[in-house]
Structures are given as C-alpha cells and as structure tokens.
Amino acid sequence: MAKIERLEKLLLSINSKKKFTLKELADEFNVSTRTIQRDLLTLIDRGLPIVSEYGPNGGYFLENRRILPPIGFTELEAFHFLYASQPFLEKPILPFQKEAESGYKKLLQFLPEEAKHQLNELEKRLWIELPLSTPPYFFKTILDAALAQKIVTVQYQLDKETVYYNIQPIGIYNENGKWHCPAFSYSTNAFHVLDLFFVKKAALNDETGDVKDFSNVTIKNWFHTAPSNEKVLLKVHFTPKGAEACQHHKRLHHFLQIHQDGSGTIEIELLPGELKRFADYIWTFGKEAYIVSPMELVNEMKERIQTISDLYSTAVHL
1 MAKIERLEKL LLSINSKKKF TLKELADEFN VSTRTIQRDL LTLIDRGLPI VSEYGPNGGY
61 FLENRRILPP IGFTELEAFH FLYASQPFLE KPILPFQKEA ESGYKKLLQF LPEEAKHQLN
121 ELEKRLWIEL PLSTPPYFFK TILDAALAQK IVTVQYQLDK ETVYYNIQPI GIYNENGKWH
181 CPAFSYSTNA FHVLDLFFVK KAALNDETGD VKDFSNVTIK NWFHTAPSNE KVLLKVHFTP
241 KGAEACQHHK RLHHFLQIHQ DGSGTIEIEL LPGELKRFAD YIWTFGKEAY IVSPMELVNE
301 MKERIQTISD LYSTAVHL
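Numbering follows my numbering, in which position 302 of the sequence shown is assigned residue number 302; successive positions increment by one, without gaps.
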C-alpha cells in the first residue's frame with residue numbers, strides 16, 4: 001500500500017476510534033509500529049491534534065475533535081471557499097473566529113502560488129458584507145475590468161437623464177443591499193461612485209487610450225487617490241446620545257471624535273456623489289445629529305423634514 005493511501009486510511013481509522021495504540025494500528029495496516037509512529041508524526045505535522053497518554057492504560061487519542069477525511073478540492077473550489085470566508089475573518093466577535101482562521105490558513109497553504117496571487121487581487125477589488133443582495137446584471141463585466149485594469153463603457157441612468165461614461169473601475173463593494181463601484185471616469189476626468197443598479201449597459205472598451213495604474217489602489221484605500229479639489233467636507237455634530245449611538249454605526253464610527261461633555265463630531269471629505277448615502281446615515285439619528293456642512297446636505301435635510309411635516313399636516317386623523 002502506498003504511503004499516501006495508507007495515510008488517508010489511517011486518518012479514517014483514527015477518526016472512528018476514541019483511543020488507540022501503535023500496536024493496534026500496526027496490526028490493522030500490517031506494518032511495523034515504527035512505520036505507524038512515523039505516519040502519526042506526518043499527520044501531526046499536517047495539523048492533526050493527536051495526543052499521547054503514558055501509563056499502563058496509555059495510548060493515543062484525538063484531542064476534543066474529529067478531523068474530516070481528505071477532500072479533493074479543485075483549485076477554483078478552494079479559491080472561492082477562501083474568498084467566501086473573508087467576512088467571517090473580519091468579525092473577531094464571532095464565537096468560531098479561531099476555527100475560521102485555522103481553516104483559512106490550512107486551505108491557503110495548499111493553494112498554488114498563481115491562485116494565491118489571484119485571491120490577493122480579488123480581495124483588492126471586491127469587498128463584500130453580509131447579508132448579500134443579488135448582484136446586478138453587469139457585475140461580472142465591471143469586476144473583470146477592475147481585475148484587469150481595463151476601461152468599461154457604461155450606460156448610466158442619472159436622475160431622468162441617460163448618460164454614457166468611459167470608466168476604469170477600481171472595484172466593487174456592497175452596502176445595505178446596494179452594490180457600488182468607485183471608478184475614474186475618462187468622460188468627466190474625475191472619480192465617481194456609481195450605484196450599479198443604475199448601470200443599464202456595460203461593455204469592455206479596448207479602443208480607449210492609456211489606462212491609469214491602479215495596481216496599488218484598492219477598494220478600501222481608493223478614496224485617497226481622488227484629488228482634494230474634487231471632495232467636499234462633511235461636518236456633523238452629535239449630542240451625547242447621538243455620539244453614543246454613532247459609536248455603533250458600522251461606517252461613521254471610524255470618523256467619530258468624542259468630546260469631554262460626551263458629544264461628538266465627525267469630519268469627512270467625500271465625493272459629491274456620496275453625499276446622499278451619508279445623508280441616509282445621518283437621517284437615522286434624528287435630532288441627535290446636526291449637519292454643519294456642506295449646505296447642499298443641510299438643504300437636503302430641510303427638504304426631508306418639510307416633506308414629512310407636509311405629510312402629517314394633510315393627514316386625515318380618524
């Protein structure tokens with residue numbers, strides 16, 4: 001019996017036993033105890049938690065848990081399992097964080113170098129959070145362009161107007177059920193964050209001129225690439241109650257500064273296209289948050305308040 005075959009059968013045998021000795025396994029596989037001992041050391045080196053117990057009733061046993069038998073993953077299967085585990089690795093509060101990290105490292109160890117490089121590139125271009133919503137129709141076209149650093153021509157629904165952009169996508173991320181794409185637009189010579197729901201058509205464009213080098217730009221650091229003159233300053237004050245709630249907001253808590261009286265402030269430079277999304281964040285704090293700038297967002301809040309006021313003033317009360 002070849003060694004690799006014996007190791008696989010040895011693992012299955014160990015999984016079925018509560019306790020075992022070298023002689024029992026040697027007899028079972030018709031080899032010497034020395035050979036079995038070397039096999040066990042090989043399995044231990046590969047992460048099998050085998051513990052020895054000395055004394056008259058001693059022997060070997062698996063520590064607290066059983067090990068799955070060998071599973072033949074294809075490269076693509078392993079690749080996608082590794083990427084799908086990312087949201088769990090980023091949540092240290094999960095009760096199985098240690099096991100998730102251990103499984104990730106074991107699977108990553110056997111991934112070919114080329115596949116490891118592809119996984120690294122995907123992690124730079126795609127940022128997902130749970131729960132996921134259905135990806136838009138042109139998701140793969142835009143993601144492939146981001147991975148290959150190519151230009152895409154998109155038909156985009158902008159309010160009531162349909163426009164065409166030549167964009168170079170940096171990547172894609174999802175948030176609150178929506179999919180967004182930060183990209184550089186060659187049509188406007190500026191950075192934009194596109195809501196992929198409003199992309200009606202998308203096609204790779206190989207005829208456009210030289211593309212930008214975004215090899216060191218990722219979906220998480222891209223914002224620093226945009227020039228300051230393209231950004232607007234969002235400044236918000238929070239009451240102590242609002243600041244406490246803001247500390248638990250998955251986006252805003254990164255920017256929150258707490259003052260001695262318990263109140264708080266956030267100051268963030270944003271692209272104009274992101275203002276509506278942040279307006280939605282701040283709206284949920286009600287009277288516990290006050291927007292100082294920009295005036296565009298202040299006016300947005302006034303319009304929302306007026307709309308609700310008009311709704312209740314004209315409502316028929318039964």
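Note that beta-carbon positions come from the ideal geometry of N, C-alpha and C, so glycine has one too.
No experiment lies behind these values; they were computed from the predicted model shown.
Candidates the options: closest to residue i by CA position
i: A148; options: W127, G171, E28; result: G171
i: I36; options: K212, F214, S13; result: S13
i: I219; options: Y156, P182, F29, A115; result: P182
i: D261; options: K250, H237, R277; result: H237
i: I308; options: A26, P294, G286; result: G286
i: L119; options: E99, E296, K302, F81; result: F81
i: N221; options: E28, S185, K124, L76; result: K124
i: G59; options: L25, Y83, T42, Q97; result: L25
i: L11; options: D27, V31, L43, K23; result: L43
i: P294; options: E244, L270, K23; result: L270
i: D280; options: Y104, E8, E175; result: E175
i: D159; options: F223, L194, L126; result: L194
i: F278; options: H259, M301, I258; result: M301
i: K19; options: A145, F61, D27; result: F61
i: A100; options: Q109, Q86, E303; result: Q86
i: L126; options: P169, E274, E113; result: P169
Rounded separation between residue i and residue j - CA only
i: K256; j: V211; result: Strictly speaking, residue 256 in this sequence is Leu, with Lys absent from that position. Using only the alpha carbons, I get a separation of about 36 angstroms.
i: A202; j: L143; result: 11 angstroms
i: T134; j: W283; result: 26 angstroms
i: V292; j: V152; result: 37 angstroms
i: V393; j: A115; result: Shown here, the chain extends from 1 to 318; a query on residue 393 therefore has no answer.
i: L132; j: N229; result: 34 angstroms
i: V51; j: F214; result: 50 angstroms
i: R251; j: K140; result: 26 angstroms
i: L48; j: L130; result: 32 angstroms
i: T21; j: I128; result: 47 angstroms
i: Y173; j: K17; result: 47 angstroms
i: Y54; j: R34; result: 17 angstroms
i: G103; j: L76; result: 17 angstroms
i: K276; j: A84; result: 30 angstroms
i: N189; j: F223; result: 15 angstroms
i: F184; j: L107; result: 35 angstroms
i: D310; j: T162; result: 31 angstroms
i: T74; j: I305; result: 55 angstroms
i: H248; j: K105; result: 30 angstroms
i: H117; j: A145; result: 17 angstroms
i: L41; j: K9; result: 15 angstroms
i: G177; j: H192; result: 19 angstroms
i: E296; j: R46; result: 59 angstroms
i: N15; j: P227; result: 59 angstroms
i: Y312; j: Q97; result: 48 angstroms
i: E303; j: E274; result: 18 angstroms
i: D27; j: I4; result: 18 angstroms
Bridge partner(s) assigned by DSSP for residue i
i: G59; result: E53
i: V163; result: Y156
i: Y290; result: H237
i: A203; result: T153
i: V298; result: Paired residue(s): none; V298 is not in a bridge.
i: T265; result: H237, Q257
i: S185; result: I167, A190
i: L270; result: V232
i: I14; result: Partner(s): none; I14 has no beta bridge.
i: E175; result: K178
i: F20; result: Y60
Residues near residue i by beta carbon distance below 6 angstroms, same chain, minus five either side
i: T225; result: V217
i: L111; result: A78
i: L196; result: P136, W179, C181
i: T314; result: none
i: F138; result: V199, A202
i: V298; result: I291
Same chain, Cβ closer than 8 angstroms to residue i, five either side skipped, listed in chain order
i: K241; result: E288
i: E6; result: Note that residue 6 is Arg in the sequence shown here, rather than Glu. Same-chain partners within the cutoff: F29, V31, D39.
i: Y164; result: T153, V154, Q155, Y156, S187
i: C246; result: F238, L252, H253, L256, G264, I266, F285, A289
i: L122; result: Y83, L147
i: A2; result: none
i: K23; result: T33
Residues of its chain near residue i, where Cβ-Cβ distance is below 7 angstroms and the 5 sequence neighbours each way are ignored
i: P272; result: V232
i: N205; result: I151, V152, T153, N166
i: A243; result: L256, I258, G262, S263, G264
Any non-hydrogen atom of the ligand NAP within 7 angstroms of residue i CB
i: P272; result: The model depicted lacks the ligand NAP and carries no ligand whatsoever.
Taking 8 angstroms as the threshold, find out whether the stretch 265-274 comes into contact with the stretch 229-236 through three or more Cβ pairs.
yes
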